[in-house]
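All remarks here apply to the structure that follows.
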Amino acid sequence: MSLRSWRAAMRIARRDATRAKGRSALVLAMIALPVLGVAGADVMYRSGELEPAEQAVRVMGTADGLLHSFGRGTIVLQPPNAEDGGWGAPVEEGKKPTAEQVRSAKTDPAVLAAELLPPGTVLVPFPQGESASATSKEGRLGVETTEADLNDPIWRGRLNVVEGRAPGGAHEIAATRAFLDKSGLHLGDRTVLHGLDGTPFHITAVAEFPGELGAVTLIGRPGELVAPLHAANRGADRSDRFGGDRWLVRLPHGAVLDWPKVLELNKYGLGLTSRTVLTDPPPRAQVPYYVQMDQHGFGGADTVGLVVVGTVVGMALLEIVLLAGPAFAVGARRSRRQLGLLAAGGGDRSHVRAVVLGGGLVLGLAGAVVGVVLAIATVAVLRPWAEEAAGQRFGHLDLQPLDLLCIALIGLVTGLLAAVVPAYQAARTDVVEALTGRGSVRPPSRKLAVVGLVVVGIGAALALLGTFTGPAGRTLGTLGGSALAELGMIACTPMLVGMFGRLGRHLPLSPRLALRDAVRHRGRTAPAVAAVMAAVAGSVAVGIYTASSDLEQRQQYRAELPAGSVRLMADQGPGKTVDLTALRSAVERSVPDIGPRADPLTTQYGSNCQERSCGWVEVAVPKELRCPVRDPDAEGVSMSTDQVERILREDPRCAGDPTYGSMAGYVPAGDATVLHNMFGVRDTAAEQALAEGKAVVFDRKLIKDGKITLDLTEEPTETKEDVLNPMPTGKPVMHHVTVDAVYSKPETPAAQALVSPETAKRLGLSTRPAGSVWRPAAVPSDGAEQKASAAVAKLDDAVAVTVERGYRSQQTLTGLALTGFAGVVALGAAGIATGLAAADSQRDLATLAAVGATGGIRRRLSGFQCGVIAAMGTVLGTICGVIPAVALRKMEASAVYDSQYGMTKPAHAVIAFPWADLAVTLVGLPLLAVVLAMVFTRSRLVLGRRTA
155 MSLRSWRAAM RIARRDATRA KGRSALVLAM IALPVLGVAG ADVMYRSGEL
205 EPAEQAVRVM GTADGLLHSF GRGTIVLQPP NAEDGGWGAP VEEGKKPTAE
255 QVRSAKTDPA VLAAELLPPG TVLVPFPQGE SASATSKEGR LGVETTEADL
305 NDPIWRGRLN VVEGRAPGGA HEIAATRAFL DKSGLHLGDR TVLHGLDGTP
355 FHITAVAEFP GELGAVTLIG RPGELVAPLH AANRGADRSD RFGGDRWLVR
405 LPHGAVLDWP KVLELNKYGL GLTSRTVLTD PPPRAQVPYY VQMDQHGFGG
455 ADTVGLVVVG TVVGMALLEI VLLAGPAFAV GARRSRRQLG LLAAGGGDRS
505 HVRAVVLGGG LVLGLAGAVV GVVLAIATVA VLRPWAEEAA GQRFGHLDLQ
555 PLDLLCIALI GLVTGLLAAV VPAYQAARTD VVEALTGRGS VRPPSRKLAV
605 VGLVVVGIGA ALALLGTFTG PAGRTLGTLG GSALAELGMI ACTPMLVGMF
655 GRLGRHLPLS PRLALRDAVR HRGRTAPAVA AVMAAVAGSV AVGIYTASSD
705 LEQRQQYRAE LPAGSVRLMA DQGPGKTVDL TALRSAVERS VPDIGPRADP
755 LTTQYGSNCQ ERSCGWVEVA VPKELRCPVR DPDAEGVSMS TDQVERILRE
805 DPRCAGDPTY GSMAGYVPAG DATVLHNMFG VRDTAAEQAL AEGKAVVFDR
855 KLIKDGKITL DLTEEPTETK EDVLNPMPTG KPVMHHVTVD AVYSKPETPA
905 AQALVSPETA KRLGLSTRPA GSVWRPAAVP SDGAEQKASA AVAKLDDAVA
955 VTVERGYRSQ QTLTGLALTG FAGVVALGAA GIATGLAAAD SQRDLATLAA
1005 VGATGGIRRR LSGFQCGVIA AMGTVLGTIC GVIPAVALRK MEASAVYDSQ
1055 YGMTKPAHAV IAFPWADLAV TLVGLPLLAV VLAMVFTRSR LVLGRRTA
């Protein structure tokens, strides 16, 4: 075709689109909505990804760098932005420290930094403050603390005053918006921090961290908050032995901090984020942090997430093409006479195709432009809410022309592809039939059906059985296979429609006429069925995927207490005291009919529990039942990664390793009430054994010959003052004690075993309260739980009250929403096809009226025409939707995890079918389509001229 012919075709298509405003608006919306979503996501993502200069301001304000101490005597591995990761590695065992490490160990970090940085450098402290408890309107609230002189412009961009005035007087403080919202306080109010009870602080400003809007933080003036809190809570020792100190770096004029300088500082245990490095980062190969991460396989992207996103996006685009197809088919059918005149006037099939394809181009281009423009406007309007939801401020509204052009091009191509099949169908229409309004019935192509079946098989095999590696390969296998299967099913649709038609002989008049009409006019029925199939397939795929994920999470969930139990977590560790009497009373006043209270005790071993963490107690697994990979006696045995994976996968001793609750450790102490409330055991024999000094064991494999062995591990008390080796000398000392034991099956394995307090004392163990557990007759309401939490928060915000409610699925609303979305889209597609059928069926309806049919015939016929299309589409869509869901679950199950952490390939993929949602889709959707079509169809017939 010549350019002039294309211009004429485009002009005809544009005029046709303006005449059929309703149909054009529908197609435009179908194309514009996904473009709106993708373009909006792109603008938000690009706006959230800061430019190097913006990132520097976000990290260090107007300073030249942000310096971190990772610990004296360490060697630091860091990315260019040290806040994105990094760690300080101590001296390796058996190796001599470097000269830099020795100097780092013997020098205060602030002094060392001043010596290593250019002369004249100013270090502004940015302390990592204490976690504290501040008074609120209702009680107390946990809060982080730091210090900054907010009148100094060096903080601008890192920490900003957004309301009020910066603290300038004694005991004035700034608070983040998140703190004020949670505490119920306002500017001008006062708050008191635990440990500084005699010093109320006056809130004079609202400050925000632009990169962390949700931070619950109080910002004091330098020297007024962090050091006094530390002295009150931990004593005067404030050495930076293990790192944590930070400074903003202000350089003298002309000085720079380049990447070699950063690497030099890393040798001394200092990490540096430099403005110069952020704006001009080094190659990835020159960053030791990235090199090591890549060597261990942690540097790549989330391949599973990429495959899921790629599959979802690809299937969504395919759905758009299939959904828009019937609308173009409607336009082509209603423009038959116009297209027939075009052919009669000398136009060939290419001209007819060009007119219909031109409609796709016109509407695709319009939808793409509208979608992009609306996306930009929506992000601009919703920017404040988007920033709050993301938890960080945008750098600027970043519009990438190439991104937006590609997204618009996707919309344009989507509209063009949706018009391809209707264009070729219109070009094959006989001119005489088009001019007279007659149609002919063509039998379905058997070859096309056979090809479709083959493609369905190939696609299913590719998605379900394909072995691909890498994100691109996995996406190709899952997306390509699923798309091929769906396209193959579409190719089979005309033949399947004919097979459905054989059911007509068993149906009453109206559904029989509707089914035979659908078979007779496969040209309009097949695209409509394909559109319904696409919508249902997407819904079914996501429904099966989410239901399977939900089932897997349910299987992996391990309750820590029996269902309905109320738990007060108030562990009293070394140096910490809690008023348990007041806390227990607060819970019992808040929860009605709470029942008897159990007070479990944490057992510990060692003599230095008041100074540092205590030794621990656990039950040893008999040697012959230990998993070889997790056997502590086999630590010196080297195994390859393949050997570890094979053992974890095949050895039954490594399967089903229970996860014990951590409320009171592995072996708590308590009486029969603890046995009832914490473990759900009501066994007279177990209670008697506990009273006799025996241990009650909750895992049968731990007991052998009526006894268990307790491993009592005591951490060494002798320590070195050398910072290069801050850990205690020697290895933990382990003792073994044998105890008579009985097995009792628990409702919940909250620990390995239970002993009485007297038995614990006899074994040389010390104990401390771990909190309390109640077993109410009925599960407390959410309101009662919130009331109890608020009551204890007023006394101590570090104490938690929880109710064990078992696994709580989050997928129910998701499944209903997806089913509803599929219903709306499928009803829309079926409605389009019904409208087309009504237009084509005018002669049939006129004939029915002429032979005495009542006005209700039109209503019932339209209803069943819509229902037939919806029924066929839902059945085929349900079949097609299974393939991508199962393929994604199999791909996730085959992902290889790092065996270093005791993980391996799952034995099989967990697949679950949401039968209730599927039943609603398969049965309810066609019935709803019938009812709606009958309700909205006029029963009065308008008789038209019948052509001979």
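Offset between the sequence shown (1-based) and my numbering: plus 154.
Beta carbons are placed, not taken as given, at the ideal position from N, Cα and C, and that holds for glycine.
If you're wondering where the values come from, they're calculated on a predicted model, not measured in any experiment.
- In the DSSP annotation of this structure, the continuous segment of the beta strand (DSSP E) that includes residue 758 starts and ends at 755-758.
- Annotation for residue 420: the continuous alpha helix (DSSP H) segment containing it runs 413-420.
- For the 8 Å CB-CB criterion, residue 934 and residue 720 form a contact.
- Here DSSP, grouped into helix, strand and coil, assigns residue 324 to coil.
- By the beta-carbon neighbour count (other beta carbons within 10 angstroms, threshold 16), residue 334 is buried.
- Residue burial is scored here from C-beta neighbours: residue 673 has at least 16 other C-beta atoms within 10 angstroms and is therefore classed as buried.
- Sequence-distant partners of residue 618 (beyond 5 residues in either direction) whose C-beta falls short of 8 Å from its own C-beta, in its chain, are 635, 1037, 1040, 1041, 1044.
- Residue 858 sits in a strand when the DSSP states are folded into three classes.
- Going by beta carbons, residue 1026 and residue 683 fall inside the 8 Å limit.
- Contact between residue 638 and residue 609 holds, with the beta-carbon distance rounding to 6 Å and staying under 8 Å.
- Each residue's CA atom was taken as its position, placing residue 163 and residue 331 some 59 Å apart.
- Take the alpha-carbon of residue 404 and the one of residue 928: they are about 57 Å apart.
- DSSP, reduced to helix, strand and coil, places residue 333 within a helical segment of the structure shown.
- In the structure shown, residue 660 adopts helical secondary structure according to DSSP, grouped into three states.
- By the Cβ test, the segment 825-832 is in contact with the segment 844-853, since at least three Cβ pairs between them sit closer than 8 Å.
- Around the CB of residue 263, 16 or more other CB atoms lie within 10 Å, so the residue is classed as buried.
- About 43 Å separates the beta carbons of residue 744 and residue 1065, which is beyond the 8 Å limit, so they are not a contact pair.
- Under DSSP, the beta-bridge partners assigned to residue 363 are 366.
- A direct Cα-to-Cα measurement between residue 749 and residue 1029 gives close to 53 Å.
- The continuous stretches of alpha helix (DSSP H) do not include residue 745, and DSSP gives it neither H nor E.
- Of all C-beta pairs linking the segment 231-241 to the segment 201-221, three or more are shorter than 8 Å, placing the two stretches in contact.
- Under DSSP, residue 535 shares a beta bridge with no residue.
- Just so you know, the alpha carbons of residue 931 and residue 717 end up roughly 11 Å apart.
- Its Cα nearest to that of residue 382, the residue 353 stands out among 185, 529, 353, 171.
- Under the DSSP assignment, residue 220 falls in the beta strand (DSSP E) whose first and last residues are 219-223.
- In the structure shown, the three-state DSSP call for residue 1065 is coil.
- Annotation: residue 361 to residue 199 spans about 25 Å, alpha carbon to alpha carbon.
- Annotated as proximal: residue 171 and residue 516, with beta-carbon spacing under 8 Å.
- DSSP, read as helix, strand or coil, puts residue 544 in helix.
- Looking from the CA of residue 189, the closest CA among 567, 724, 662, 948 belongs to 567.
- 443 is the residue among 675, 805, 443, 531 whose C-alpha sits nearest the C-alpha of residue 231.
- Residue 1016 carries a helical assignment under DSSP once its states are collapsed to helix, strand and coil.
- Nearest to residue 266 by alpha-carbon distance, out of 249, 226, 241, 283, is 226.
- The beta-carbon separation of residue 917 and residue 891, rounded to 6 Å, stays under the 8 Å limit for a contact.
- Under DSSP, residue 1008 takes part in no beta bridge, so it has no partner.
- Around the beta carbon of residue 420, 16 or more other beta carbons sit within 10 angstroms, so the residue counts as buried.
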